[in-house]
Amino acid sequence: AAGGGSSSSVQPKTLDGVFCFGGDEEEHLAKAAAARSSEDPRAQVLGMLKLADIHAQAGRLQEAAKEVEDAQSLIRELRFEEGRACILVLIAKIYAKQGKLSTADQLDEALDLAVEAQEKFQKFGAKKCEAAALLALAAVRHVAGNYEDGNLAAKEAQVLLEEMGEASAVAEVYHVVADGYLLRDDTKRASTWVSKAKEIQQDLGNRRKVAECLHRLGEIDIRANDRAKAAATLSEARSVFKELGDLKGEMVVLKTLQDFHLKKGRLAEAIGIGQEMVTTCHDIGDTRGEGNALMSLAELLLEKEEIDLCEKVLKTAHQVFTKCRDADGVGKVMTLGAHLKNAALKRQIKESITANADQAHYPVHHMVELGLQQRTAEAFAALKRGL
24 AAGGGSSSSV
34 QPKTLDGVFC
44 FGGDEEEHLA
54 KAAAARSSED
64 PRAQVLGMLK
74 LADIHAQAGR
84 LQEAAKEVED
94 AQSLIRELRF
104 EEGRACILVL
114 IAKIYAKQGK
124 LSTADQLDEA
134 LDLAVEAQEK
144 FQKFGAKKCE
154 AAALLALAAV
164 RHVAGNYEDG
174 NLAAKEAQVL
184 LEEMGEASAV
194 AEVYHVVADG
204 YLLRDDTKRA
214 STWVSKAKEI
224 QQDLGNRRKV
234 AECLHRLGEI
244 DIRANDRAKA
254 AATLSEARSV
264 FKELGDLKGE
274 MVVLKTLQDF
284 HLKKGRLAEA
294 IGIGQEMVTT
304 CHDIGDTRGE
314 GNALMSLAEL
324 LLEKEEIDLC
334 EKVLKTAHQV
344 FTKCRDADGV
354 GKVMTLGAHL
364 KNAALKRQIK
374 ESITANADQA
384 HYPVHHMVEL
394 GLQQRTAEAF
404 AALKRGL
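Quick note: the sequence shown uses my numbering, first residue 24, plus one each step.
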């Protein structure tokens, strides 16, 4: 009955399933959906909280906050103490994920919530949840600039997870430690900890996680301005995803490679990768992703003044967004289309002026100046007629 539950109603093992510690997102989503469809209201709440953790882990913070908000009213109604403890961790994690966008007051609140959650999970005997609380505490301390204490909390989480034999979860601890070093721009130490995480995943035979680690190492190499190493590491990550048939993973790497080329001013290479991204999205049936990839490609083509090709890509993007009834996507096409028309008109005027200048053996800048004078005189004459 609603409101009659006691805090001993959920077993620690069940509670420990709320937090993901990495793992396969699709698998976690399936478990969250199964819990939410349960007849047990407490299991439904835990499913909502698991979904919130999945979103938070992926950086989808608005979606995570929405799930937390929806779960809170049920938790109060059920007097579900374990659920409330999970909420404390999730709020702390969301503040930590916001990074420097979180205010000092929010970070202070997050520290208190994470500590309270850890104490509660100790009482419940839910070790994996306690480790999750410690990791949230570590992340918040890192963002607040308290790096040493952050690493101490991460170490406590590592010890708990090692006691449980949760090797893959230990690898996630290493990623949190790496995050702390990146906040200090210490790319060398960050790379070391991600490499340790990769070694664990290699020992476990988890190739998808190895690929994710390689991708992250490539991102760190970019940040360290090690161009050659970044290109090699990202290519390796892409190869592993490709071998696994993981097109979504491959897309993430392609986007990183494209951004890398753009930062270095290599527009032609970025356009080539953009074409690959469109094909990859099409192959996995991600219609909206295909439309967004087409839009990114069109923007690059416009920047390079490839007017005709840009027009063809935009036309395809319009068809794709219309097919999936994405009004925002269609709006973006229309906006970029207007920029494209302006660019085409400018090119036409420029070509016309150049052609006339060549015919008359007259300098282009003089042609432009005379043309401007003529248009000004005509406009003034029209104004006088109007008066």
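The beta-carbon is built from N, C-alpha and C at its ideal position, and this holds for glycine as well.
Residues near residue i in its chain [Cβ-Cβ closer than 7 Å; skip 5 each side]
i, result
"V343", "T310, E313, G314, L317"
"H341", "V353, V356"
"A55", "G70, K73, L74, I77"
"F42", "D76, K151, C152, A155"
"L227", "A190, S191"
"A367", "I330"
"S31", "Below a pLDDT of 50, predicted positions are generally treated as unreliable, and S31, at 43, falls in that range; no measurement from the model is reported."
"L38", "E105, F147, A149, C152"
DSSP state of residue i mapped onto helix, strand, coil
i, result
"V233", "helix"
"G106", "helix"
"R289", "coil"
"K327", "coil"
"E189", "coil"
"G268", "coil"
"F144", "helix"
"R239", "helix"
"F283", "helix"
"N315", "helix"
"V41", "coil"
"S60", "coil"
"S125", "coil"
"R348", "coil"
"R207", "coil"
"A81", "coil"
Distance between beta carbons of residue j and residue i, contact taken as under 8 Å
i, j, result
"L332", "L324", "5 Å"
"A58", "L69", "5 Å"
"V166", "A119", "5 Å"
"G106", "L136", "Rounded, the Cβ-Cβ distance is 14 Å, inconsistent with contact."
"A161", "A177", "4 Å"
"V263", "A234", "4 Å"
Cβ neighbours of residue i in the same chain (closer than 6 Å, five flanking residues each side left out)
i, result
"A247", "T210"
"A254", "none"
"K252", "D244"
"G40", "none"
"K327", "L290"
"A94", "V68, M71, L72"
"C347", "T310, R311"
"R164", "D172, G173"
8 Å Cβ shell around residue i - same chain, five flanking residues per side excluded
i, result
"E185", "V193"
"E374", "none"
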